[in-house]
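Chemist:
Put into structure tokens, the structure is as follows:
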């Protein structure tokens with residue numbers, strides 16, 4: 001019985017082999033006769049139709065095997081691409097931020113240049129531009145440090161300006177730096193005028209967290225009200241005449257009842273000072289006070 005089964009199996013195997021050989025021979029014959037011939041014979045068409053499902057299966061299996069072996073490499077490459085793109089995005093974001101900073105700096109410097117040439121220049125001020133490179137960390141509204149010094153012609157007591165108005169004066173200087181006492185420091189005092197009534201007074205810094213100003217010793221026979229502009233009077237030798245200081249926000253009589261005291265909001269934003277002009281010399285024509293104040297109005301007031 002076992003021998004019969006073996007004989008049947010051997011016979012079946014031989015038939016499969018013969019069929020395979022026959023198919024190969026037929027394909028070789030079709031390939032040899034296909035050269036120079038257009039179209040296919042009926043036999044070729046039938047064989048192709050019969051073997052098409054087998055070809056589809058083998059193609060899918062082959063594709064699956066290729067995907068199986070290449071997928072890990074594709075994932076690694078995708079991860080590399082993602083890291084590279086992430087770095088490029090961060091670099092571009094940094095470049096955009098830097099470009100924005102350059103644009104803002106250019107705008108500030110252009111404003112400072114316009115102020116130097118038009119307002120300060122027409123008032124007879126010779127000036128040197130300087131950048132703010134330091135502040136008093138213990139008192140933000142006390143002093144600032146500039147990146148210019150005696151090597152650039154700066155001296156103590158020189159006036160410091162911004163396009164918006166008066167900043168302060170130099171109190172200490174080295175070859176390459178200068179320390180500026182801000183108007184908002186309590187040690188600062190500027191002889192001043194109410195621009196419309198010409199009433200005199202003295203502007204002092206109030207210090208503190210907000211860095212405000214007050215104008216004291218205003219005669220009581222002069223009306224004082226919110227909105228009045230305060231300018232430097234030019235009396236004494238420290239500050240030129242007619243430089244804008246700030247605007248009155250309120251007033252009351254002092255304890256003696258002989259004078260008014262006024263609170264003043266400075267025109268300069270001392271929180272955001274980055275570049276300033278130092279007045280190195282002044283050649284003021286007659287009536288300069290009125291002229292300076294008028295020209296200054298276009299610069300941030």
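Residue numbers (our numbering): 1 to 301.
Glycine residues also receive a C-beta, built at the ideal position from the N, C-alpha and C atoms.
Please go through the same chain and pick out, in chain order, the residues whose beta-carbon is closer than 6 Å to the beta-carbon of residue 269, but skip the five residues on each side of it.
Modeler: Here residue 269 corresponds to residue number 269 of the chain shown, with the count starting at 1. Around residue 269: no qualifying Cβ.
Chemist: DSSP state of residue 270, grouped into three classes?
Modeler: Numbered from 1 along the chain shown, position 270 holds the residue referred to as residue 270. It is helical.
Chemist: Rounded to whole angstroms, what's the CA-CA distance from residue 300 to residue 220? Just pull it up for me.
Modeler: As a position in the chain shown, residue 300 is number 300, starting the count at 1. As a position in the chain shown, residue 220 is number 220, starting the count at 1. Here the model assigns residue 300 a pLDDT of 37, short of 50, so the residue's position is not dependable and the matter cannot be decided.
Chemist: Using the C-alpha atoms, what's the distance from residue 89 back to residue 294?
Modeler: Your numbering for residue 294 matches position 294 in the chain shown. Your numbering for residue 89 matches position 89 in the chain shown. Note on residue 294: pLDDT 39, under 50, position unreliable in the model; the coordinate value appears next. Each residue's alpha carbon lies about 49 Å from the other.
Chemist: Flag residue 136 as yes if its beta-carbon sits less than 8 Å from any beta-carbon of chain C, otherwise no.
Modeler: Absent from the structure is chain C; it holds one protein chain and no more.
Chemist: Rounded to whole angstroms, what's the CA-CA distance from residue 228 to residue 139? Just pull it up for me.
Modeler: Here residue 228 corresponds to residue number 228 of the chain shown, with the count starting at 1. Here residue 139 corresponds to residue number 139 of the chain shown, with the count starting at 1. Cα to Cα, residue 228 sits roughly 29 Å from residue 139.
Chemist: Nearest by alpha-carbon distance to residue 171: which of 191, 75 and 146 is it?
Modeler: Here residue 171 is taken as the residue at index 171 of the chain shown, counted from 1. Looking at the Cα atoms, 146 is the closest of the given residues.
Chemist: Suppose you measure from the CA of residue 203 to the CA of residue 176; what does that come to, to the nearest Å?
Modeler: As a position in the chain shown, residue 203 is number 203, starting the count at 1. As a position in the chain shown, residue 176 is number 176, starting the count at 1. About 30 Å.
Chemist: Going by C-alpha distance, which of 94, 218, 205 and 263 is nearest residue 257?
Modeler: Numbered from its first residue, the chain shown carries residue 257 at position 257. Among 94, 218, 205 and 263, the Cα nearest to that of residue 257 belongs to 218.
Chemist: What three-state label does DSSP hand residue 5 in the structure shown?
Modeler: Position 5 of the chain shown, counted from the first residue, corresponds to residue 5. In this predicted model, residue 5 has a pLDDT of only 46, less than 50, meaning its place in the structure is not dependable enough to derive any value.
Chemist: Do residue 249 and residue 265 have their CB atoms nearer than 8 Å?
Modeler: Looking up residue 249 in the chain shown gives position 249. Looking up residue 265 in the chain shown gives position 265. Yes. Within cutoff.
Chemist: Is it the case that the Cβ atoms of residue 180 and residue 165 are separated by a distance below 8 Å?
Modeler: Sequence index remark: in the chain shown, residue 180 carries index 180 (1-based). Sequence index remark: in the chain shown, residue 165 carries index 165 (1-based). Result no, Cβ atoms of residue 180 and residue 165 do not sit closer than 8 Å.
Chemist: Does the distance from the CB of residue 267 to the CB of residue 240 come in under 8 Å?
Modeler: In the chain shown, the residue the question calls residue 267 occupies position 267. In the chain shown, the residue the question calls residue 240 occupies position 240. No, Cβ-Cβ distance for residue 267 and residue 240 is not below 8 Å.
Chemist: From residue 261 to residue 97, what distance separates their C-alpha atoms?
Modeler: Reading the chain shown from its first residue, position 261 is the one you call residue 261. Reading the chain shown from its first residue, position 97 is the one you call residue 97. Cα to Cα, the separation comes out at about 46 Å.
Chemist: Quick one: is residue 121 buried, meaning 16 or more other Cβ sit within 10 Å of its Cβ, or exposed?
Modeler: Within the chain shown, residue 121 is the residue found at index 121, counting from 1. Exposed, by the Cβ-count rule.
Chemist: Specify the secondary structure class of residue 254 as computed by DSSP and reduced to three states.
Modeler: Locating residue 254 in the chain shown gives position 254, counting from the first residue. Three-state result, residue 254: coil.
Chemist: Grouping DSSP H, G and I as helix and E and B as strand, with all else coil, what is residue 118?
Modeler: Within the chain shown, the letter at position 118 stands for residue 118. Looking at residue 118 - three-state DSSP - the assignment turns out to be helix.
Chemist: Do residue 214 and residue 206 have their beta-carbon atoms positioned less than 8 Å apart in this structure?
Modeler: By one-based count along the chain shown, residue 206 stands at place 206. By one-based count along the chain shown, residue 214 stands at place 214. Cβ atoms of residue 206 and residue 214: closer than 8 Å.
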